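Engineer:
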Amino acid sequence: MLTPWQPLLDWWFGEGATAVEIAAEKQRLWFGYRPEQDAEAREHFAALTDQALAGGLDDWTMAPQGWLALILLLDQLPRMIYRGTPAAFAGDERAQQLVRDGLVQGGDMLLPPIQRVFVYLVLEHSENLAAQEQALAYFAMLRDIAEPAEQPLFDDFADFALRHRDVIARFGRFPHRNKILDRPSTDAEQAFLAQPGSRF
1 MLTPWQPLLD WWFGEGATAV EIAAEKQRLW FGYRPEQDAE AREHFAALTD
51 QALAGGLDDW TMAPQGWLAL ILLLDQLPRM IYRGTPAAFA GDERAQQLVR
101 DGLVQGGDML LPPIQRVFVY LVLEHSENLA AQEQALAYFA MLRDIAEPAE
151 QPLFDDFADF ALRHRDVIAR FGRFPHRNKI LDRPSTDAEQ AFLAQPGSRF
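Just so you know, we're using UniProt numbering here: the sequence shown kicks off at 1 and counts up by one.
As structure tokens, this is what we get:
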């Protein structure tokens, strides 16, 4: 029987057999902005995303794959469906709580490493230094257990985690969110945002 979260996981992770194959197929969806991808997310998953943002779909947490899919609906999908608006971050708090609860129970260990990336990314999205340090440790762990052929991929994930941690260590928040969230930027943040690669 098809679970209610399977279409989302199929769309997000594709059909690759290995982490390298999955990333090669899906990296542009995960980390690149294309209007047609946002439109696809909106068309197929807006209703589920809104249910998740409203506090629904709790029963999905009973299965590891459902837990992961709910995390995606709260953390990744709003960033596409509501890009450039405060609603893009509306699911962060619940996603972070789901991740904290799931990590205590070892739920991440029931997922393949490439899927665990999107559990730990929730910590990387947090404007909390302790969560950033935790993300760094988890991505280092994924890198350390990766097969040799997958090492460069997980090295990249760990490097991005380090870069995110460094921004939070320096500013206590992500300056590129300031405009969207109507937060005034400091002079230091404005200087930082003028540099290439300052926006994740």
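Backbone N, C-alpha and C define an ideal beta-carbon position, used for all residues, glycine too.
The structure presented is a predicted model; accordingly, all values stated were derived computationally and were not measured.
Which two residues bound the contiguous alpha helix (DSSP H) that contains Y138?
Structural biologist: 129-145
Engineer: Could you compute how far the alpha carbon of P175 sits from the alpha carbon of E25?
Structural biologist: 30 Å
Engineer: Within the continuous alpha helix (DSSP H) that includes F171, where are the two ends?
Structural biologist: 151-171
Engineer: Quick one: Cα of P148 to Cα of F157, how far?
Structural biologist: 15 Å
Engineer: Between Q76 and the rest of its own chain, which residues show a CB-CB distance below 7 Å, the 5 nearest in sequence each way excluded?
Structural biologist: F118
Engineer: Could you tell me which of F160, N128, Q97, Q37 sits nearest to P78, measuring between CA atoms?
Structural biologist: Out of F160, N128, Q97, Q37, Q37 has the C-alpha closest to the C-alpha of P78.
Engineer: What is the residue span of the alpha helix (DSSP H) that L103 lies within?
Structural biologist: 92-104
Engineer: Alpha carbons only, please: which of G106, G84, A19, H164 is nearest the one belonging to H125?
Structural biologist: H164
Engineer: Specify the secondary structure class of H176 as computed by DSSP and reduced to three states.
Structural biologist: helix
Engineer: Can P113 and I145 be called in contact, C-beta distance under 8 Å?
Structural biologist: yes
Engineer: Using the beta-carbon count (16 or more within 10 Å), is M80 buried or exposed?
Structural biologist: With a threshold of 16 other beta carbon atoms within 10 Å, M80 meets it and is buried.
Engineer: Using the C-alpha atoms, what's the distance from P4 back to G197?
Structural biologist: 37 Å
Engineer: Are the beta-carbon atoms belonging to T61 and L98 less than 8 Å from one another?
Structural biologist: Yes. Within cutoff.
Engineer: Between K83 and A188, what straight-line distance do the alpha-carbon atoms span, to the nearest angstrom?
Structural biologist: The question names Lys, yet the displayed sequence has Arg at residue 83. Their Cα atoms are separated by approximately 25 Å.
Engineer: Since F45 and L8 should fall inside the 8 Å C-beta cutoff, what is the C-beta to C-beta distance between them, to a whole number of angstroms?
Structural biologist: 6 Å
Engineer: Over the uninterrupted alpha helix (DSSP H) stretch that includes R34, give me the two end residues.
Structural biologist: No alpha helix (DSSP H) contains R34, which DSSP labels as neither H nor E.
Engineer: Is the number of C-beta pairs between the stretch 8-18 and the stretch 133-142 that are closer than 8 Å three or more?
Structural biologist: no
Engineer: Assuming contact is defined by CB atoms lying nearer than 8 Å, are Q134 and L123 in contact in what I supplied?
Structural biologist: yes
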